[in-house]
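Chains L and U are the protein sequences, given in the same order.
By this note's numbering, the letter at position 227 of the first sequence is numbered 227, and the numbering carries on one by one without gaps.
So this note's numbering is basically just the index in the second sequence, starting at one, shifted up by 1000.
These notes concern the structure reproduced below.
2 protein chains.
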Amino acid sequence: MKRELSIKETIQRGANFFMPSLSLDCVIFGFHENELKVLLLKMKNADTWALPGGFIYKEEDIENAAIRVLRERTGLHDIFLRQFHVFGQPSRSEKKFHSNLLRKDGIKVSKDNWILQRFITVGYYALVDFATVTPEPDQSSVACEWKDIYSIQDLFMDHKHILDTALYTLRMQLNYVPIGHKLLPQKFTMPELQKLYETILGKKLDRRNFQRRILSFGFIKRLKETRKGGAHKAPFLYSFDLKKYKKALEQGLQGGW
Amino acid sequence: MKRELSIKETIQRGANFFMPSLSLDCVIFGFHENELKVLLLKMKNADTWALPGGFIYKEEDIENAAIRVLRERTGLHDIFLRQFHVFGQPSRSEKKFHSNLLRKDGIKVSKDNWILQRFITVGYYALVDFATVTPEPDQSSVACEWKDIYSIQDLFMDHKHILDTALYTLRMQLNYVPIGHKLLPQKFTMPELQKLYETILGKKLDRRNFQRRILSFGFIKRLKETRKGGAHKAPFLYSFDLKKYKKALEQGLQGGW
DNA sequence: TTTCATTGCGTCGTTATGACACAATAATAC
DNA sequence: GTATTATTGTGTCATAACGACGCAATGAAA
């Protein structure tokens, strides 16, 4: 396992060990307090937030590079992730952007430095259990925080577009991807699961019909415990029957939402 | 518009105007005689077939590069295409492959030539009207032909894997993508449309229930003509109401298949 | 002990779905 | 020119799924 490189090292010698013109960005989804959240980095010397990203070593599988970035930002080793799109418009790489940021950081970059090339970026989205994540900024950022999906206005470069595309993809793949198991803790309540679906879909669902339908799939089992402490009636806890869940997702859950 | 380059030019000077380490491959779907087909190239000096592909100019949008490749292979200018995956395993670029092929073609390549780098390839799938396509081989191939999806065993490098991924993606996006309008001629019969769905899904559907459901969406209108010439009762012709079709696809067609 | 929002469990009418029957039709065989 | 045959157009029927809603049970707070 390689240690994280300093910015200076990356700028000066990156061309030697990174793939040229290629980067990746991660949209890391989490679910907390009934909100769908994304892990963002606050950039040094700029009033902008950005998606966690990185470069790919010359002999590294892109997927592994994504796993590496995910590990560095969240501390997690076993993460569900899916590549969802490549962003390849020439206009997305504005040289001014980077050289200005780096100058503010006291780093001089020559005009032909590899970091100022045109970059293609591969987008990955990840589904993680909010509670187990320890957000960790990288070398070029001063903070790493969860942000509510619906509160995000602008991001660095084309990252807002990347985020929107990730969300669109997630919606389209809803019936093929283990959102419930990956975004919720082991034990969860029915209202929590429903809220998760509602925030991803961006619309309200009927409480009773949702429960009937989700249970009819047969991969969710009710436990004998309830979640006490809420302000009202204690809801039952549920958990996934992972074998059945996986099998159902392979075919795709039947029906729309 | 740039003319197609010769192989020699590409090898010798490609590094000057192409993005390094980046290529694209196209899975071009067509529908003919009740079979879902893909456009393949038979490679020079090798008993293999490959997907049409190409490189990306340094200032070119990847999407445009895909459009360019599609135009060169099919003669079509207005094509529906979707980027579906990036293939980035280091093992997919085997140097032997290319240098052997090129040697057989009488072209010598030095060990550090850019064409022997590791390559990442962006996969696009396209939906085209079979009847309007004029298959055209490229510089490195001797033939360009339609092949039945279900008859394809092996392909060049990892192209079979790319093809399988495209097909999987198409299935998953079935309710969001205008397969009918793009793969069929303007006027088509109900059995033709049904066969299209059946071959993509890889399973049989009930004739009468299919018709009821597809018509209930409301974006297919029956014409007053029938398709004569078949061995039996002449079926009605239908065509799409494109406005309604587009609108329905934006939401995703409701229900599964 | 009462209040109140939430949860668990149901009902009811409508719509969608899967399985199937039967008549109409166009080319072909006789 | 008539019969044959495979295919298409239309409809039925029982069942399952779906959307909208009612109401009692619960647990914390008033």
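The beta carbon of each residue, even a glycine, is placed where N, CA and C say it ideally should be.
All figures in this text were calculated on a predicted structure; none of them were measured in a lab.
Cutoff 7 Å: residue i Cβ touching any chain L Cβ
i	result
Met1157 of chain U	no
Pro1178 of chain U	no
Glu1059 of chain U	yes
Pro1185 of chain U	no
Pro1235 of chain U	no
Gln1139 of chain U	no
Gln1254 of chain U	yes
Identified DSSP bridge partners for residue i
i	result
Trp1049 of chain U	U:Lys1042
Thr1189 of chain U	U:Leu1237
Thr121 of chain L	L:Ser23 and L:Phe87
Leu81 of chain L	L:Ala126
Asp1148 of chain U	U:Lys1037
Tyr57 of chain L	L:Phe18
Lys104 of chain L	Answer is none; Lys104 of chain L lacks a bridge partner.
Ala65 of chain L	Paired residues: none, contrary to the question.
Ser141 of chain L	L:Met43
Lys1221 of chain U	U:Ser1239
Phe31 of chain L	L:Leu36
Listed by chain order, chain U residues near residue i by CB distance under 8 Å
i	result
Ser21 of chain L	Met1019, Pro1020, Ser1021 and Leu1022
Listed by chain order, chain L residues near residue i by CB distance under 8 Å
i	result
Val1086 of chain U	Ile62, Gln83, Val86 and Val122
Gln1173 of chain U	Met172
Minimum Cβ-Cβ distance from residue i to chain U less than 7 Å
i	result
Gly54 of chain L	no
Gln153 of chain L	no
Gln211 of chain L	no
Neighbouring residues, chain L, relative to residue i (Cβ below 7 Å)
i	result
Gln1089 of chain U	Asp61
Segment contact, 8 Å Cβ cut-off, at least three pairs: the stretch 122-137 of chain L with the stretch 7-21 of chain L: no
Measuring CB atoms only, is the stretch 1060-1078 of chain U touching the stretch 1129-1137 of chain U, in the sense that at least three cross pairs come out at less than 8 Å? yes
Count the C-beta pairs between the stretch 48-57 of chain L and the stretch 212-220 of chain L that are closer than 8 Å, then say yes if the count reaches three, no if not. no
When you check each C-beta in the stretch 1091-1124 of chain U against every C-beta of chain L, which residues fall closer than 8 Å? Answer set for the stretch 1091-1124 of chain U: Arg1118, Ile1120 and Val1122.
What residues from the stretch 60-71 of chain L come within 8 Å of chain U, judged by C-beta to C-beta, listed N to C? Glu60, Asp61, Ile62 and Glu63
Do the stretch 160-173 of chain L and the stretch 56-69 of chain L make contact, defined as three or more Cβ pairs closer than 8 Å? no
Three or more C-beta pairs below 8 Å linking the stretch 1146-1153 of chain U and the stretch 1026-1038 of chain U: yes
Counting beta carbon pairs with one atom in the stretch 184-195 of chain L and one in the stretch 77-92 of chain L, are three or more of them shorter than 8 Å? Because the criterion of three Cβ pairs below 8 Å is not met, the stretch 77-92 of chain L and the stretch 184-195 of chain L do not touch.
Would you check if there are 3 or more beta carbon pairs closer than 8 Å linking the stretch 1222-1236 of chain U to the stretch 1195-1212 of chain U? no
Counting pairs of Cβ atoms below 8 Å between the stretch 172-182 of chain L and the stretch 236-246 of chain L, do you hit three or more? yes
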